[in-house]
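Colleague: Throughout, the working numbering is defined as the position within the sequence shown, counted from one, plus 839. Below is the structure I would like to discuss, written out as C-alpha cells.
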Amino acid sequence: MMENIIGYVKKWGKYTFSEKPFNEVDSLVLCQLVYLNYEKYVPAPCQGKEPVDIQSILEDPEWEQILEGYWYKEHNKELFELAAKSLRFGRMKMNDYVNVIDEDQQAQFSAMCYFLEDGKIYIAYRGTDATIVGWKEDLNLAFSKPLKSQYLAVEYMERAAGKAADASCPGLYAGGHSKGGNLAVYGAMNCSDETRGKLIRIFNHDGPGFRPEIKAQGNFQAITERTIKFIPRSSLVGMILEEESDYEVIESWGIGLFQHNTYSWKVEDDAFVRAKSRAGAKVKRDAALNEWILSLTEEQTHAFVDTLYEVVSASEVSNVFEFEANWKKCLQNVLLAAKEVDEETKKGMQKTIHLFFQILLENLKMGGWPWQEQ
C-alpha cells in the first residue's frame, strides 16, 4: 500500500535503526522536520550545550510554536508528533541549530545536525523558507558566483565533521529538500578532502543543480557516486540547471508544481515509488529553461532578478504568508512599483522574458505543452 512520509512513520516508527537500517525515506523525514523553528530548544553551535531529543520538545506545552512560519502547518504538526512518539525518531538527538536571514547579503540559511543511534551524524540543510529574501536567493542560483548560503553550507559541514572526529563518529550523511539539497551537494563538493572522506551519502531531494562554472570550481566528480537525487515526475525546481541524467524520478499525488511538496511523494514500504520516466514535453521545458538561464550574461541576470525582487518588495511584506493574507493590497503596490521601473530596465526585462519564450517554443515544436500532465 502506498503512503507518504507520514504513513511511513506510522508504519515503521516502531523499529529502531539497528532493526531497520537508515534509508532514503528517513532522509526525507529529517529534511522535512528541519523546516521547523527549533531556536528555543536546540542549541546553537556556539553554545557548546548537550544535544536534545525530539521527544523532549513535545513535552513542552508550548511546543507548537516551532510550526510557525512555514507551509503545511497541519502536516508538519502530525509528522513531528508521530516522529517524537516513535521508537525510531523519538530519542534521536539534535544539535547545532543555525538560522541566518541576512537581507543585506540576500542570504537565508538554516541547518541542524541529527545524531543517529549508531553514532553517525545527519547534516540537514533547510530549503527555502517563507521569507521574500529566501526566494530571491533561489533566483540568485542562476549567477556564476557562489551564494552566501553556499559558503555557509561548507563552513557548517566542516564544523560538523570536526565534532564528528572528536566523538569518533563512524560517518556523515548530508541532505536537504529544495535549496537544502543544493546546499548539501555544494558543501560536499567544496569541503576539505578529509571531511569529504567521511561522507557516506548525500541526499538531494528535488534541489536545483549548478551552473557549469560552479561545478568546475568544486570537486563534483568526487561525490557523484555517493550522491542520490530524487525528483518528482513533474519537477521544475529540481531540474533548474540540472545537466546530469542519473537522478531518480519518483511518483507524487501532486499536480504540476505542487509535486515539490514532500508530503505528496509516494512511499511504499521503505522506499519512494519510482516513476517510469518524465514526460517528453517537461524535458523540453526544462531544457528551454536552462538554455535561457545560461544564455543570459551575468549583467542581464542581475538586472532581471534585482528588478523582480524590487517590484515584489514593494508589496511591503517580509514573507509569503503576509503577501497571501493581504494579496489585493500587495498586488496593487507591486503593480505601482512596476510602473515606476525606468524605460531602459523595463525594455531589458521584456527582452529577457521574450528570449525565454522564444527558446521555449523552439524546444516544444515536437512536443505538447509542459504544463499538461502526461
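All residues carry an ideal CB built from backbone N, CA and C; glycine is no exception. Note that the coordinates shown come from a computational prediction; the quantities given were computed from them, not determined experimentally.
#1: Using a Cβ-Cβ cut-off of 7 Å (strictly less than) and excluding sequence neighbours within five positions of T855, which residues of its own chain qualify?
#2: Along the chain, where does the alpha helix (DSSP H) containing Q871 start, and where does it finish?
#3: Using a Cβ-Cβ cut-off of 7 Å (strictly less than) and excluding sequence neighbours within five positions of K849, which residues of its own chain qualify?
#4: Would you check if the distance between the CB atom of L1022 and the CB atom of I960 is smaller than 8 Å?
#5: Please classify M1078: does DSSP put it in a helix, a strand, or coil?
#6: Would you mind stating whether Y953 and L869 have Cβ atoms separated by less than 8 Å?
#7: Can you tell which of I1094, N1129, V1024, T1191 has the C-alpha that lies nearest to the C-alpha of Q1060?
#8: Measuring only the C-alpha atoms, how far is K1002 from A950?
#9: Measuring straight from C-alpha to C-alpha, what distance separates F1097 and S1074?
#10: Any idea if E1064 is buried or exposed, counting beta-carbon neighbours within 10 angstroms, 16 or more meaning buried?
#11: Give the secondary structure of P1071 by DSSP, where H, G and I count as helix, E and B as strand, and everything else as coil.
#12: In angstroms, rounded to a whole number, what distance separates the CA positions of G1220 and I1079?
#13: Please determine, among F1196, P860, Y877, the residue with the shortest C-alpha to C-alpha distance to R965.
#14: Among residues of its own chain, excluding the 5 on either side of H914, which ones have a beta-carbon nearer than 8 Å to its beta-carbon?
#15: How many angstroms separate the CA atom of I1041 from the CA atom of Y874?
#16: For the alpha helix (DSSP H) containing Q1056, list its first residue and its last residue.
#17: Here's the rule I'm using: 16 or more other beta-carbon atoms within 10 Å means buried, otherwise exposed. How should C1016 be labelled?
#18: In this structure, how does DSSP classify N947 when only helix, strand and coil are distinguished?
#19: Taking the CB atoms as reference points, tell me whether T1034 and A1000 lie closer together than 8 Å.
#20: Can you tell me the Cα-Cα spacing of Q1056 and I962, whole angstroms?
#21: Where does W1092 fall in DSSP's three states?
#22: In the segment 880-957, which residue ranges form an unbroken alpha helix (DSSP H) of at least 4 residues, counting only runs that do not cross its ends?
#23: Do the CB positions of P882 and Y936 come within less than 8 Å of each other?
#24: Classify D1181 as buried or exposed, calling it buried when 16 or more other Cβ atoms lie within 10 Å of its own Cβ.
#25: What do you reckon, are the CB atoms on S1134 and L1200 nearer than 8 Å?
#26: Which residues mark the beginning and the end of the beta strand (DSSP E) in which R1040 is found?
#27: Nearest by alpha-carbon distance to S1218: which of V1088, N1129, K912, E976 is it?
#28: What three-state label does DSSP hand G1048 in the structure shown?
#29: Residue ranges of each alpha helix (DSSP H) run of no fewer than 4 residues wholly in the segment 965-1031, ordered along the chain?
#30: Nearest by alpha-carbon distance to G958: which of K932, V939, F948, Q947 is it?
#31: What three-state label does DSSP hand Y847 in the structure shown?
#32: Take the Cβ of N1058 as the centre, count every other Cβ of all protein chains shown within 10 Å, and call the residue buried at 16 or more, exposed below.
#33: What do you reckon, are the CB atoms on W1104 and P1071 nearer than 8 Å?
#34: From this set, G1020, G1019, G1014, which residue's C-alpha is nearest I1039's C-alpha?
#35: Leaving out five residues before and five after R1113 in sequence, what residues of the same chain have Cβ atoms less than 8 Å from its Cβ?
#36: Roughly how many whole angstroms lie between the Cα atoms of Q871 and V939?
Modeller: With the structure as the only source:
#1: If you ignore the 5 residues before and after T855, its C-beta comes within less than 7 Å of the C-beta of L926, R927, E956, all in its own chain and listed in chain order.
#2: That run of the alpha helix (DSSP H) goes 863-872.
#3: So the qualifying residues of the chain are L921.
#4: Cβ atoms of L1022 and I960: not closer than 8 Å.
#5: In the displayed model, M1078 falls within a helix according to three-state DSSP.
#6: Closer than 8 Å, so yes.
#7: Considering only alpha carbons, the answer is V1024.
#8: Spanning the two alpha carbons is a distance of roughly 15 Å.
#9: Going from the Cα of F1097 to the Cα of S1074 covers about 9 Å.
#10: E1064 is exposed by the Cβ-count criterion.
#11: Looking at P1071 - three-state DSSP - the assignment turns out to be strand.
#12: Outside the shown range of the chain (840 to 1213) lies residue 1220, about which nothing can therefore be said.
#13: Comparing Cα positions, the closest option is Y877.
#14: Only I845, Y1102 meet the Cβ criterion.
#15: Taking the straight line joining both Cα atoms gives about 18 Å.
#16: Where Q1056 is concerned, the enclosing alpha helix (DSSP H) stretches over 1051-1056.
#17: A small correction: the amino acid at residue 1016 is His; Cys does not occupy that position in the sequence shown. By the C-beta density criterion, H1016 is buried, having at least 16 other C-beta atoms within 10 angstroms.
#18: Reading off the sequence, residue 947 comes out as Gln, not Asn. Strand, per DSSP.
#19: Yes.
#20: If you draw a straight line from the Cα of Q1056 to the Cα of I962, it is about 23 Å long.
#21: Three-state result, W1092: coil.
#22: Annotation: the segment 880-957 contains the following complete segments of the alpha helix (DSSP H) (minimum length 4 residues), in chain order: 893-897, 912-924.
#23: Contact: yes.
#24: So D1181 counts as exposed.
#25: No, the pair does not count as a contact, with Cβ atoms beyond the cut-off.
#26: Looking at the DSSP string, the run of the beta strand (DSSP E) that includes R1040 is 1038-1044.
#27: What the structure shows of the chain is the stretch from 840 to 1213, and residue 1218 is not part of that stretch, so it cannot be assessed.
#28: Looking at G1048 - three-state DSSP - the assignment turns out to be coil, as it is neither helix nor strand.
#29: At a cut-off of 4 residues, the continuous stretches assigned as alpha helix (DSSP H) that sit fully inside the segment 965-1031 are 971-978, 987-1005, 1018-1029.
#30: Ranking K932, V939, F948, Q947 by Cα distance to G958 puts K932 first.
#31: DSSP places Y847 in the helix class (H, G or I) of the three-state scheme.
#32: It counts as exposed.
#33: It is a contact, given that the beta carbons lie within the stated cut-off.
#34: Out of G1020, G1019, G1014, the CA that lies nearest to the CA of I1039 is found in G1014.
#35: Result list for R1113: E1087, V1088, I1089, E1090, in chain order.
#36: About 18 Å.
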